[in-house]
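A.B. asks: Questions regarding the structure given below will be posed in turn.
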Amino acid sequence: MRLFRDPSTQSPIYSLITHILQAHMYIHVQYHLMPFFSTSHMILQIEIMTRR
140 MRLFRDPSTQ SPIYSLITHI LQAHMYIHVQ YHLMPFFSTS HMILQIEIMT
190 RR
């Protein structure tokens with residue numbers, strides 16, 4: 140991670156690439172975690188409904 144902290148490589152293109160990479164990682168994590176959370180939420184709702 141030292142590459143991202145080095146001020147000598149902070150060219151506009153480099154900062155744009157890092158920004159795109161960070162946004163891509165954020166979308167990637169959200170895309171992979173959201174189905175897990177929705178399925179766990181559905182399981183919780185089914186448990187609540189079956190307990191009645």
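Using our numbering, read the sequence shown as starting at 140 and increasing by one per residue.
Positions of the beta carbon are idealized from the N, C-alpha and C atoms, including for glycine.
Source: prediction; values computed, not measured.
Leaving out five residues on either side along the sequence, give the residues of the same chain with a beta carbon under 7 Å from the beta carbon of H163.
C.D. replies: Here residue 163 refers to the residue found at position 24 when the sequence shown is read from its first residue. None.
A.B. asks: Suppose the cutoff is 7 Å on Cβ atoms and the five residues either side in sequence are ignored; what does the same chain contact list for M140 look like?
C.D. replies: One-based indexing of the sequence shown puts residue 140 at position 1. At M140 the pLDDT is 46, less than 50, meaning the model places this residue with poor confidence; the figure from the coordinates comes in the next sentence. Excluding residues within five positions, none has a Cβ falling inside 7 Å.
A.B. asks: Taking the C-alpha atoms as reference points, what is the distance between I156 and I187?
C.D. replies: Taking the first residue of the sequence shown as 1, we reach residue 156 at position 17. Taking the first residue of the sequence shown as 1, we reach residue 187 at position 48. Straight-line Cα distance between these residues: approximately 46 Å.
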